[in-house]
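Undergrad:
Number of protein chains: 2
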Amino acid sequence: MANLASIRRPVDSEMREFQGHFKEAMRTSVPLLDHITRYIVKSKGKQMRPLLVYLSAKACEGTQARTHVAATLIELLHTATLVHDDVVDRAETRRGFFSINALWKSKIAVLVGDYLLSRGLLISMERDAVDLLRITSKAVEAMSEGELLQIEKARRLDITEEVYYEIIRRKTASLIAACCAAGAASSGADPERVEHMRAFGEAMGIAFQIKDDLLDFAPTKATGKPKGGDLKERKMTLPLIHDLQTKSPRERRKTIRAIKRSADHPETAAKLLEDIQNGPGIAYAEQAMLGHRNRAMDLLKELPESEARDALMDLVDFTISRKK
Amino acid sequence: MANLASIRRPVDSEMREFQGHFKEAMRTSVPLLDHITRYIVKSKGKQMRPLLVYLSAKACEGTQARTHVAATLIELLHTATLVHDDVVDRAETRRGFFSINALWKSKIAVLVGDYLLSRGLLISMERDAVDLLRITSKAVEAMSEGELLQIEKARRLDITEEVYYEIIRRKTASLIAACCAAGAASSGADPERVEHMRAFGEAMGIAFQIKDDLLDFAPTKATGKPKGGDLKERKMTLPLIHDLQTKSPRERRKTIRAIKRSADHPETAAKLLEDIQNGPGIAYAEQAMLGHRNRAMDLLKELPESEARDALMDLVDFTISRKK
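Chains as they are written, first to last, in my numbering: chain P, 904 to 1227; chain E, 904 to 1227.
Take a look at the structure:
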């Protein structure tokens, strides 16, 4: 299995340059904002999204000056949604740091998110990258629609697989698809190729989210038990949706009662998690994930051979094999 | 004094058409989102910003199809900031309705705001109105910077007039300036005229905000006493800033102690509000407001005579004469 360092290698110098572009993009004369954006730069995550942008560009016609605009725009946008998410979930930590929300409260988090969105906008207009902005704006629209759809539907115990896919396609896969499409577009690829890369990103994004949902049921290193965070929030994901579908009406009613009880009864929740781990849903979701992984790979195979293309393949497998 | 109905007259048919454009702009397939956007359409406020867009266009080269795009974009953006503001201040009511936040919680409010911003983006790109988007993106940037500057500086008791103006220019005047500039640009006005209208909007916006700050010290109809909300939040505005500047060091220290005490001591707050009402700051702020009003009027006088131009003049005076 390739590690992240070797996956990054084909775009190492671009990723190094990116740090400067990203920092520059957030420069401001407002001291408080400057303080926060420095903190954002410092607490950067794995920067998977810029990596996808650069690798996608390189796997098409090659990275250009505009590829930096695409990577900066997408990372600004992704950061804005993370910052807004901080308001939202009141998460105490993110990436091991205190969340911006915990440090400076939600008012500031909303404003900083809006500021980052506007910076992304202005940069893409200054740099004459309206095509890239169009790709990413659709992702912002889809992401907020997807999150709202999730709020509305994911707690319904009769949620179907179809709705589950609708949610994760918009909520997660749309931004990963935008990374790949914007990278391709920035390289000067033709519209068919841009669409091809978007489809690849969508398949990869769906596999990524199913993996995320599976990890919630996997035993953690610390406790040997699954986190079960989704179940606590009564968020229905693929393994549980499938288990419910395959049960007899009587068993289904029993499980539904257990789901309803589990928020207030840790023992019921623990038993339910054990049932899910032993049920058919885990293997079913893994199969579904592999299906999307294979679709992503097939799309990559249609690209001309290159180091960047192979790195994208490794990145797909890295994503679906991660342990957290 | 002209009333709002007569001010609206020159763009009555445009304002009627606007309702359809705005509704259409928020159409979505997500049921929850559809529910909320219908509520937004229903609880529409005075729609001062679309009105400014249409009057500005008409006072320049005339309203065009693109003027509807400008008005829709700005109202989406303004609505997004109101919705985000709901998260922020946890205000219980806005415009007499329950706030979106109170009804559907802050997670949803953040997402709906982001969705509205992305809709504005997409519409301006679909309609080939990148110039209008550029004008409004700068306003989003300025507004979030201004709010953050306010959080950082407005509670400092040694805040200067200069910083006060810096805050209100970004926080409030930038969007009003964007309305006028976008209206002018949508009509096909040349860049100088667009800049002229932006300057007009900025002057009007500053006068508008000083009026807002003055109203906080004015006796309310209900109680005969001022609301004093800014003082409660320790937000320093022009009347108080000026009063502090004109006091002897000893009196200044006394007032500063009173400001600090007033959050927890309603009697101290009431006494302080009375002092401000009787102090020189009110008249000083009124003079400053009139100065910006006059600058706005002078800029309008340079436009060719028209019904729309006169309506803009009336709108300026309407704004600074309002009682709430």
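C-beta atoms are modelled at their ideal positions from N, C-alpha and C, and glycine is treated no differently.
Quantities reported herein were computed from a predicted structural model and do not represent experimental measurements.
Flag E1048/E as yes if its beta-carbon sits less than 9 Å from any beta-carbon of chain P, otherwise no.
TA: Residue numbering aside, residue 1048/E sits at position 145 when the second sequence is read from its first letter. Yes, E1048/E counts as interfacial toward chain P.
Undergrad: In whole angstroms, what is the alpha-carbon distance linking L1193/P and A1110/P?
TA: Numbered from 1 along the first sequence, position 290 holds the residue referred to as residue 1193/P. Numbered from 1 along the first sequence, position 207 holds the residue referred to as residue 1110/P. Computed Cα separation, rounded: 7 Å.
Undergrad: P1129/P bridges to which residues according to DSSP?
TA: For this step, residue 1129/P is matched to residue 226 along the first sequence. Paired residue(s): P1122/P.
Undergrad: When the Cα atoms are used, what is the spatial distance from T1158/E to K947/E?
TA: Translated into positions along the second sequence, residue 1158/E becomes position 255. Translated into positions along the second sequence, residue 947/E becomes position 44. For T1158/E and K947/E, the distance between alpha carbons rounds to 41 Å.
Undergrad: Out of curiosity, what's the CA-to-CA distance linking S1224/E and I910/E?
TA: Here residue 1224/E is taken as the residue at index 321 of the second sequence, counted from 1. Here residue 910/E is taken as the residue at index 7 of the second sequence, counted from 1. Cα-Cα distance, rounded: 14 Å.
Undergrad: Which term fits Q922/P, buried or exposed, when burial requires 16 or more other beta carbons within 10 angstroms of its beta carbon?
TA: The residue given as residue 922/P occupies position 19 in the first sequence. Exposed.
Undergrad: Go through the segment 1123-1197 of chain P residue by residue and report every complete run of the alpha helix (DSSP H) that reaches 4 residues or more, in order.
TA: List check, alpha helix (DSSP H) in window: 1132-1135, 1141-1149, 1152-1165, 1169-1181.
Undergrad: In this structure, does DSSP put M1216/P in helix, strand or coil?
TA: For this step, residue 1216/P is matched to residue 313 along the first sequence. If DSSP states are grouped into helix, strand and coil, M1216/P belongs with the helices.
Undergrad: With G1049/P and I1079/P assumed to form a contact (beta carbons below 8 Å), what rounded beta-carbon distance in angstroms separates them?
TA: Counting from 1 along the first sequence, the entry for residue 1049/P is found at position 146. Counting from 1 along the first sequence, the entry for residue 1079/P is found at position 176. That belief does not hold up - the Cβ atoms of G1049/P and I1079/P are roughly 12 Å apart, past 8 Å.
Undergrad: What does a CB cutoff of less than 6 Å around R1058/E pick up in its chain, not counting 5 residues either side in sequence?
TA: For this step, residue 1058/E is matched to residue 155 along the second sequence. Within the same chain, R1058/E has close Cβ partners R1137.
Undergrad: From Q1053/P, T1140/P, Y1018/P, A1173/P, pick the residue whose C-alpha is nearest to that of V986/P; which is it?
TA: Position 83 of the first sequence, counting from 1, holds the residue named residue 986/P. Nearest of Q1053/P, T1140/P, Y1018/P, A1173/P to V986/P, Cα basis: Y1018/P.
Undergrad: How should H971/E be labelled, buried or exposed, when 16 other C-beta atoms within 10 angstroms of its C-beta is the threshold for buried?
TA: Here residue 971/E refers to the residue found at position 68 of the second sequence. When all chains shown are included, H971/E counts as buried.
Undergrad: Along the chain, where does the alpha helix (DSSP H) that runs through P953/E open and close?
TA: For this step, residue 953/E is matched to residue 50 along the second sequence. Unbroken alpha helix (DSSP H) run through P953/E: 951-962.
Undergrad: Give a yes or no on contact between the segment 924-934 of chain E and the segment 966-980 of chain E, applying the rule of three or more CB pairs nearer than 8 Å.
TA: The segment 924-934 of chain E is in contact with the segment 966-980 of chain E.
Undergrad: Check whether the Cβ atoms of E1029/E and L1025/P sit closer than 9 Å, and answer yes or no.
TA: Residue 1029/E sits at position 126 when you count from the first residue of the second sequence. Residue 1025/P sits at position 122 when you count from the first residue of the first sequence. No.
Undergrad: Label V933/E either buried or exposed according to how many other C-beta atoms from any shown protein chain fall within 10 Å of its C-beta, with 16 as the threshold for buried.
TA: One-based indexing of the second sequence puts residue 933/E at position 30. The residue is buried, with at least 16 neighbouring Cβ atoms inside 10 Å.
Undergrad: Ignore the nearest five residues each way along the sequence and tell me which others in I1228/E's own chain have a CB closer than 8 Å to its CB.
TA: Chain E is shown from 904 up to 1227; residue 1228/E falls before or after that span and cannot be answered.
Undergrad: Can you list, in chain order, the residues of its chain with a C-beta nearer than 6 Å to that of L1206/P? Leave out the 5 residues immediately preceding and following it.
TA: Counting from one through the first sequence, the residue named residue 1206/P turns up at place 303. Answer for L1206/P: A962, R1212, listed in chain order.
Undergrad: Does the segment 1117-1124 of chain E touch the segment 1179-1186 of chain E, meaning 3 or more C-beta pairs lie closer than 8 Å?
TA: Short answer: they touch.
Undergrad: Using a C-beta cutoff of 9 Å, does P1122/E count as contacting chain P?
TA: Walking along the second sequence from the start, residue 1122/E turns up at place 219. Output row for P1122/E: interface = no.
Undergrad: Quick check on this structure: which residue in H1099/E, R1153/E, D1093/E, L1175/E has the alpha carbon closest to the alpha carbon of D1133/E?
TA: For the purposes of this step, residue 1133/E is taken as the residue at position 230 of the second sequence. Looking at the Cα atoms, L1175/E is the closest of the given residues.
Undergrad: Along the segment 1076-1101 of chain P, what residues have a CB closer than 8 Å to any CB found in chain E?
TA: The segment 1076-1101 of chain P vs chain E, Cβ under 8 Å: nothing.
Undergrad: How would you list, in chain order, the residues of chain P whose beta-carbon sits under 8 Å from the beta-carbon of M1028/E?
TA: Within the second sequence, residue 1028/E is the residue found at index 125, counting from 1. Result: V1033, L1036, R1037, S1040.
Undergrad: At a Cβ threshold of 9 Å, is G1016/P touching chain E?
TA: Numbered from 1 along the first sequence, position 113 holds the residue referred to as residue 1016/P. By this cut-off, G1016/P is an interface position.
Undergrad: Does DSSP put R997/E in a helix, a strand or coil?
TA: Stepping through the second sequence from its first residue, residue 997/E is reached at position 94. Bear in mind that a pLDDT of 46 at R997/E, under 50, signals an unreliable position, so the number given afterwards is only what the model happens to contain. In this structure, R997/E counts as strand in the three-state DSSP scheme.
Undergrad: For L1006/P, does the three-state DSSP call read helix, strand or coil?
TA: Here residue 1006/P corresponds to residue number 103 of the first sequence, with the count starting at 1. In this predicted model, L1006/P has a pLDDT of only 47, less than 50, meaning its place in the structure is not dependable enough to derive any value.
Undergrad: Please check the pair S1089/E and L1147/E, which I expect to be a contact at CB under 8 Å, by giving their CB distance rounded to whole angstroms.
TA: By one-based count along the second sequence, residue 1089/E stands at place 186. By one-based count along the second sequence, residue 1147/E stands at place 244. Not confirmed; about 43 Å, so no contact.
Undergrad: Can you give the Cα-Cα distance for C1082/E and G1104/E, rounded to whole angstroms?
TA: If you number the second sequence from 1, residue 1082/E lands on position 179. If you number the second sequence from 1, residue 1104/E lands on position 201. Approximately 7 Å between the Cα atoms of the pair.
Undergrad: Would you mind giving the Cβ-Cβ distance between A983/E and L1020/E, rounded to the nearest angstrom? I have them listed as a contact below 8 Å.
TA: Walking along the second sequence from the start, residue 983/E turns up at place 80. Walking along the second sequence from the start, residue 1020/E turns up at place 117. That pair is a contact at about 5 Å.
Undergrad: State the Cα-Cα distance for the pair Q1283/E and R1037/P, rounded to the nearest angstrom.
TA: Residue 1283/E lies beyond the stretch modelled for chain E, which goes from 904 to 1227, so this question has no answer here.
Undergrad: Nearest-angstrom Cα distance between R919/E and T1149/P?
TA: Against the second sequence, residue 919/E aligns to sequence position 16. Against the first sequence, residue 1149/P aligns to sequence position 246. Rounded to the nearest angstrom, the two C-alpha atoms are 54 Å apart.
Undergrad: Under 8 Å between beta-carbons, which chain P residues line up against I1011/E? List them in chain order, please.
TA: The residue given as residue 1011/E occupies position 108 in the second sequence. Correct list: L1051, I1054.
Undergrad: Straight-line CA distance for L1141/E to A1188/E?
TA: The residue given as residue 1141/E occupies position 238 in the second sequence. The residue given as residue 1188/E occupies position 285 in the second sequence. Those two C-alpha atoms are separated by around 6 Å.
Undergrad: Residues in the segment 1142-1164 of chain P with C-beta within 8 Å of chain E's C-beta atoms, listed in sequence order?
TA: Going along the segment 1142-1164 of chain P in chain order, one finds no residue with a Cβ nearer than 8 Å to chain E.
Undergrad: Within its chain, find whatever has a CB closer than 7 Å to the CB of R1073/P; leave out the 5 residues flanking it on each side and keep chain order.
TA: Position 170 of the first sequence, counting from 1, holds the residue named residue 1073/P. A1045, M1046, E1048, G1049, L1052, listed in sequence order.
Undergrad: Check each candidate in I1144/E, S1027/E, F1221/E and name the one with the smallest Cα separation from I1062/E.
TA: Walking along the second sequence from the start, residue 1062/E turns up at place 159. Comparing Cα positions, the closest option is I1144/E.
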